[in-house]
Amino acid sequence: MKFAVGFLSLIVIIFQVKCVSAEDESQACMIKILKEKELLNEDFSYPRQPTRCFLAAIIITAMEDGFYSKFDNEEGINADCVKSELKKKNLVYHLIKKDIIESSKTLSEEEIKSLLNENKETMKSILNSAAKACKSDDKWGGIFDDVLDIKNTTHAALESNYCCLKTSIDKNLIKIENIDVNPYNFDTSNVDCNAIIENKKNDIVRKFRAKYNESGLSQNKINCIVNNLNESNFFDTTIALKTLEKIDLEPFVRAENKRKLSNKIEAGITGIFSCMIENY
Ligand SMILES: *[C@@H]1O[C@H](CO)[C@@H](O)[C@H](O)[C@H]1NC(C)=O
Ligand SMILES: *[C@@H]1O[C@H](CO)[C@@H](O)[C@H](O)[C@H]1NC(C)=O
Ligand SMILES: *[C@@H]1O[C@H](CO)[C@@H](O)[C@H](O)[C@H]1NC(C)=O
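Residues -22 to -1, 1 to 258 (mature numbering (1 follows the signal peptide of the UniProt record, and there is no 0)) are what the sequence shown spells out, left to right.
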């Protein structure tokens, strides 16, 4: 039983990070599910025929729970109320739709941009009406800045974005030609990117540990998982993936980088299965 719970929460965490697997089969299933919800047109093309989609449905449910748990500790967010509003309006399915559209290999660039825009407007109105109905923070504590087109230009945010982007490029995790890592032209001479990135990583590790502990995994297993993930650069890759959402990019450049990072994460995850199985 412990194994099952731990495993499920693991999937949740992973899918929170990467949302939709880059793999064709899981994409095909997500497309099928979105069509059933009438969130994608019937003629939206499959990368391959979907089969055995029961797992995808389970994953989405787990992902929804994981996703909505983000609100629990957020000040100003009326968690119970907004969760039920957002569930009713299928917010998570719209987030999946965003990934599906971005990574389409058959739509033209124009079609992708227009569909993404439409989807974003829908999400915006879902979020705005949920915030209003629940008398909840309409800025959502920064969780939906990219959907709501809120640019966080506080000094701390600019520094953090700059360091994440620069480090991800230096580590060859993000590849973008001719990108300006400091579009706001602030003085970077005194910015300690190493410290900022270390802080971010520790923060992610702390959340990971808390989540695993909550699901009843032993400290030994948790240590094993964290060490394995660390060795495969999982935490750096996670930061790179989040950074992609924070910078202005052409959708296909973002999709290509996301695809590579998702594959890297997937490869890293295989390493932790031994931790789950071994008898600590
Ligand atoms: C802006 O970013 C900073 C640093 O990441 C963060 O502490 C702050 O809460 C953010 N503000 C908003 C409104 O999201
Ligand atoms: C793990 O969870 C248990 C029970 O929920 C709690 O007593 C313990 O303090 C937690 N340990 C850590 C390291 O967070
Ligand atoms: C990850 O590995 C690096 C280098 O091996 C080490 O310095 C760092 O402390 C490790 N971090 C965690 C969270 O285990």
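Cβ coordinates follow ideal geometry from the N, Cα and C atoms, glycine included.
No experiment lies behind these values; they were computed from the predicted model shown.
DSSP, reduced to helix, strand and coil, places F164 outside both helices and strands of the structure shown, so it counts as coil. Placement of the Cβ of N191 at a distance of 7 Å or more from every heavy atom of ligand 3 is found. Not a single heavy atom of ligand 1 lies less than 7 Å from the C-beta of G246. The way I'd put it, the segment 76 to 91 does touch the segment 219 to 229; three or more beta-carbon pairs between them come closer than 8 Å. Listed in chain order, the non-local C-beta contacts of A108 below 6 Å within the same chain comprise V60, E63, L64, local neighbours out to five positions each way being set aside.
The Cβ-Cβ distance between G119 and I55 falls below 8 Å. By the 16-neighbour rule on beta-carbons within 10 angstroms, P28 is buried. Taking a cut-off of 8 Å for Cβ pairs, the segment 201 to 219 and the segment 233 to 251 touch, as three or more such pairs fall below it. The three-state secondary structure of G249, taken from DSSP, is coil. Fully enclosed alpha helix (DSSP H) runs of no fewer than 4 residues occupy 87 to 111 of the segment 74 to 135, in order along the chain.
Look at the segment 170 to 208 and you find these whole runs of alpha helix (DSSP H), each 4 residues long or longer: 171 to 192.
According to the DSSP assignment, I157 belongs to no alpha helix (DSSP H), since it is labelled neither H nor E.
In this structure, K110 and L126 do not form a Cβ contact; the two beta carbons are roughly 13 Å apart against a cut-off of 8 Å. Secondary structure note for K224: its alpha helix (DSSP H) is the uninterrupted segment 212 to 224. A Cβ-Cβ distance of about 6 Å is found for the pair L17 and Y71, placing them in contact under the 8 Å criterion. K189 and S86 have their C-alpha atoms spaced approximately 40 Å apart. One alpha carbon belongs to N180, the other to S240, and they sit about 21 Å apart.
In the three-state DSSP reduction, C142 falls in the helix class (H, G or I).
Contact between C141 and I90 does not hold, since the beta-carbon distance rounds to 30 Å and is not under 8 Å.
Collapsing the DSSP output to three states places N56 in coil. Placement of the Cβ of A135 at a distance of less than 7 Å from at least one heavy atom of ligand 1 is found. For L151, there is no enclosing alpha helix (DSSP H), as DSSP gives it neither H nor E. In the three-state scheme derived from DSSP, where H, G and I count as helix and E and B as strand, K66 is classed as helix.
Here the alpha carbons of I217 and M254 stand approximately 24 Å from one another. Less than 8 Å divides the Cβ of V169 from the Cβ of E137.
Between R26 and the set K153, K178, Q5, the nearest pair of CA atoms involves Q5.
Note on geometry: alpha-carbon atoms of L93 and S47 lie some 28 Å from one another. Distance from the Cα of N156 is smallest, within the candidate group I147, E20, F164, for I147. Put simply, the backbone Cα of N211 is about 16 Å away from that of N235.
The beta carbons of I200 and R187 sit closer together than 8 Å.
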